[in-house]
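Notes to accompany the following structure.
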Amino acid sequence: MNDASNSKPMGQLGLQRLRRLPLNATILAPLLALIILFVLSSLASEYFFDARNISNVLRQVSYTGIIAIGMTFVIIAGGIDLSVGSMVALVGVLLLYVVNAIADPLQGVLLGMLAALVAGSLFGLFNGLLVTRGRMAAFVVTLASMSIFRSLALYLTDAGEVTTPNPLFSEIGGGYVLGLPIPVWTFFGLAAIAHVLLFHTPFGRHVCAVGANPQVARYAGIRVERVVLSTFVIAGICVGLSAIMLSSRLNSVSPSDAGYFYELDDIAAVVIGGTALSGGRGSVWGTVIGALILGIINNMLNLTGVSPYLQGLVKGAVILLAVLLQYRRTG
Amino acid sequence: MSHPVLRLEGIGKAFGPVTVLENIAFDLAPGEVVGILGENGAGKSTLLKIVSGVYTPSAGRVILDGQTFSALDPITARRHGVAMIPQEFNLVSTLRVYENVFLGQELRRGALLDRARMRQRTREVLHSLAVELDPDLPIERLSVAERQMVEVARVLVHDARIVILDEPTTVLTDREVAVLFDVIRALVAKGVAVLFISHKLKEIRQLCDRLLILRDGQQIELCPAGELSEEEMACKMVGRELSQLFPDKRGTPGEAALRVRDLGVAGLLHDIDFTLHRGEVLGLAGLVGSGRTEIAETIMGLRRKSTGKIEVDGKPLAIDSPRAAHAHGLAYLSEDRQGKGLVLPFNVMENITALSLPRYVRGLIRHRAERRCAEAYQQRLAIKAARLSEPVQLLSGGNQQKVYLAKLLDIDPEVLILDEPTRGIDIATKQQIYRLIRSLAEQGKAVMVISSELEEIIGLCDRVLVIREGRIAAELDYEEINERDIMLYAAGARQRGQAGAEVH
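Chain order of the listed sequences is S and D.
For the record, in the first sequence the residue sitting at position 269 is 269 according to UniProt numbering, with numbers rising by one throughout.
For the record, in the second sequence the residue sitting at position 432 is 432 according to UniProt numbering, with numbers rising by one throughout.
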């Protein structure tokens, strides 16, 4: 019985090469959905394919998309982060305080950006420590910190909008490089880095292992707590980046509106992108596609004049459809 | 013979072009125990799934209770008295015993639950099986054996006439197996027919009236159990002369590789003191729960020790994490392959390199090197996987175990601690694993094998430590290893005095 079935491996070189591409079933479905949506949108509205519109859609997507990439790591490792939206507001407020506190415009912008990234990672660390050391469920911890961050942002600003007279600041979020807005470059660049981190480094492998089965990971000598902690810090850094892009684009931060409901859009993007909410497996490009799908749907509904009150319904339907398809594939 | 409760006629099953069962035909009489034997992949579970209605046969008929079915579904099978006790129990661990027994078929009085009657019925059924278990205990407080009894009680409450037991003894100690067998005999006395699957030939001979041997989906033998010796059964399963199951021992132990001195874990282990030599296979025998796994986990830094020292190659080490243990050349195969050993959704490659990953990293992971390594192990250990990129959860138990072993071997450890290395594995794979273990010892590695199968301890090990209640109850050297003594020490019927003299 043993010897019969162990013949030589078949020469399926072509197939093997195909398999090496980062295209697998998990990412193929959302990609297909994106393409269909793209075609439908260009048919539905003549303005859709307009370069300005496309660039606008991409920019809109990038604010949530950047965070969704961080969220992908958290979810693959078996966690969730509900606090990202509030964190955007708080980090944005702190960022503008630093920008305004420094007289030299260039220094102000640079130090402000640094401050945003540091603040984001510290808030992520806060969440992560409570989850790992505090042994609390990520859902509960981030539900609480969601409330805390938003409240702090409102308190610091007395619920008023913060603006900046710094002339350089708006160049970040509003600027263009090679015809594309800087936030869009940031989004895609970050996605490329995150993809490498997830699929080509031991850290990424460990994130997946921890999410699939923390016990197995522990027995394999993986520092489970450290991995989980890192995913929250990554999410925090992504929030920092997003806050920089968003506040500089608007040249202001509203503590009550900034990042409002981002956490839901981010989780939706991750799920539509084929990452299982139960953790263990996922893909960064899937999340990018998920974020694009949500953005294009929004845009299409706007262009075709559908009531804004119905947009949530469409978004919800897409999420359900995505998850339904996922279960078909795995079950 | 009375009217059969189950008759299979020309049953066949194919998945696409692959035929997994062909022309199976037999009768099952009330009160009869039929043992089903076969290697992994021989078609045992497919046959069971056909009987319990999970699969539809592609040929033949199932006759239950005189009613003919060409296709069964689980609900119909259940209604006709077919009940399966799976390997992985389907119990809700937060609910109580009686709640589980009646789960889904709760007794009611009006709209409300009739707890009193359910408790009473549960107690009666357990009593009829001679099992004393409080119906109010939550499942999570029960031992594995007790959980199995709850499964049996559940089956009985629902008036099963055909009970299918899929490898029920792999998770039990010898004493618990004896209890289970008494329970099965009690079932049989009530006229229940039993289909019993096990890899342990001795058990089959003890318990079964008749045998059905499958090989590659074919019915090889159907005969009274007494007609075949264990060797003959094994030969018919494998289809060739099975050469000696255990490799020759070659006991010339080298220098000490691992020294454990006065190791203690509060409330669990006391005065564990032994030396493991290079070139040696040391067995750790004892009952389940005696502390064998805890010894391994403490050595590996998975549990905090309260006393004692661990030396590797003569150097005292402070191992406080599995990571540190791996770095010092120690590797541990857990008894819980799926819960602690393998990342099930990971593929074969990713699992094999789970410990050795840093070796495949030059800046980034070199996926090609990883693949080459996996291919090498696939060949060396004869791992049967359609593709290396396949999740290991799709592999059979035996192949999963080989992947797990490859994972350890890939860090090239000097000391291997193997906890139940052949649990739930067919005999041909067992033989391969035994040979692998011996060849590792011959290469100068130090190997410790924890096993609940006495046969394995006796056949494989050069030296045996018997563990009882967290202490080393006895050390048996090469010539002293025998079943009787191990059992006596393990059960505490015999104790060794301070000067090594036996005290009864």
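Yeah, the Cβ is synthetic: ideal placement off N, Cα and C, and Gly gets one too.
Under the DSSP assignment, TYR434 (chain D) falls outside any beta strand (DSSP E), being part of the alpha helix (DSSP H) whose first and last residues are 427-442.
Taking the beta carbon of SER334 (chain D) as reference, the chain S residues within 8 Å of it are TYR219, listed in sequence order.
Close CB contacts of GLY329 (chain D) within its chain, under the 7 Å cut and outside five residues either way in sequence, are with VAL312, PRO413, GLU414, VAL415 (chain order).
If you look at LEU342 (chain D), you'll find it isn't in any alpha helix (DSSP H); DSSP assigns it neither H nor E. Sequence-distant Cβ neighbours of LEU28 (chain D) in its own chain, meaning closer than 8 Å and more than five residues away, are PRO4, VAL5, LEU6, ARG7, VAL34, ILE162, ALA193, LEU195. At least 8 Å separates the beta-carbon of THR56 (chain D) from that of LEU21 (chain D). By the criterion of a C-beta distance shorter than 6 Å, MET118 (chain D) is surrounded in its chain by TYR98, PHE102, LEU107, once the five residues flanking it on both sides are discounted. Going by C-alpha positions, GLN443 (chain D) is about 30 Å away from ILE365 (chain D).
In the three-state DSSP reduction, ALA256 (chain D) falls in the strand class (E or B). Distance from the Cα of SER83 (chain S) is smallest, within the candidate group S:VAL61, S:ALA291, S:THR142, for S:THR142. For THR68 (chain D), the enclosing beta strand (DSSP E) stretches over residues 67-69.
When C-beta distances to chain D are compared with 9 Å, every residue of the stretch 53-64 of chain S stays at or above that value. For LYS309 (chain D), the uninterrupted beta strand (DSSP E) segment begins and ends at 307-312.
A direct Cα-Cα distance of roughly 22 Å separates ILE102 (chain S) from VAL88 (chain S). Closer than 8 Å to the CB of LYS340 (chain D) there is at least one CB belonging to chain S.
Interface residue (Cβ-Cβ distance to chain S less than 8 Å): ILE365 (chain D) is classified as such.
Rounded to whole angstroms, the Cβ separation of SER58 (chain D) and ALA77 (chain D) is 17 Å, and the two are not in contact under 8 Å. In the DSSP annotation of this structure, GLN393 (chain D) is not part of any alpha helix (DSSP H), being labelled neither H nor E. Between the stretch 233-240 of chain S and the stretch 46-63 of chain S there are fewer than three inter-stretch CB-CB distances shorter than 8 Å, so the stretches are not counted as touching. Unbroken beta strand (DSSP E) runs of no fewer than 3 residues, entirely contained in the stretch 2-61 of chain D, are found at 6-15, 18-28, 33-37, following chain order. At the C-beta level, GLU39 (chain D) and ILE427 (chain D) come within 8 Å of one another. ALA42 (chain D) and ILE213 (chain D) have their alpha carbons spaced roughly 9 Å apart.
Nearest in C-alpha terms to ALA212 (chain S), of all of S:GLY160, S:ALA276, S:ARG226, is S:ALA276. Within the same chain, THR170, GLU335 come within 7 Å of ARG423 (chain D) by CB-CB distance, once the 5 residues on both sides are set aside.
At the C-beta level, LEU282 (chain D) and LEU333 (chain D) stay beyond 8 Å of one another. Of all alpha-carbon atoms in D:ILE63, D:GLY459, D:ILE164, D:LEU91, the one lying nearest the alpha-carbon of ARG141 (chain D) is that of D:LEU91. If the five residues before and after ARG471 (chain D) are omitted, its C-beta is found closer than 7 Å to the C-beta atoms of HIS270, ASP271, all from its own chain and listed in chain order. For PRO74 (chain D), the enclosing alpha helix (DSSP H) covers residues 74-79. Taking the Cα of ILE267 (chain S) as reference, the smallest distance to any Cα among S:LEU303, S:ARG218, S:PHE188, S:GLY279 is reached at S:GLY279.
A residue is called buried when at least 16 other Cβ atoms come within 10 angstroms of its Cβ; PRO255 (chain S) meets this threshold and is buried. At least one beta carbon of chain D lies nearer than 8 Å to the beta carbon of ALA209 (chain S).
Out of D:GLN67, D:PRO17, D:PHE274, the CA that lies nearest to the CA of GLY81 (chain D) is found in D:GLN67. At a Cβ-Cβ threshold of 8 Å, LEU388 (chain D) and ALA376 (chain D) do not count as neighbours.
The secondary-structure analysis by DSSP pairs ALA331 (chain D) across a beta bridge with D:LEU416. For the stretch 311-331 of chain D, the set of positions with a beta-carbon nearer than 9 Å to some beta-carbon of chain S reads SER321, PRO322, ARG323, ALA324, ALA325, HIS326, ALA327 in chain order. At a cut-off of 8 Å between beta carbons, PRO345 (chain D) contacts chain S.
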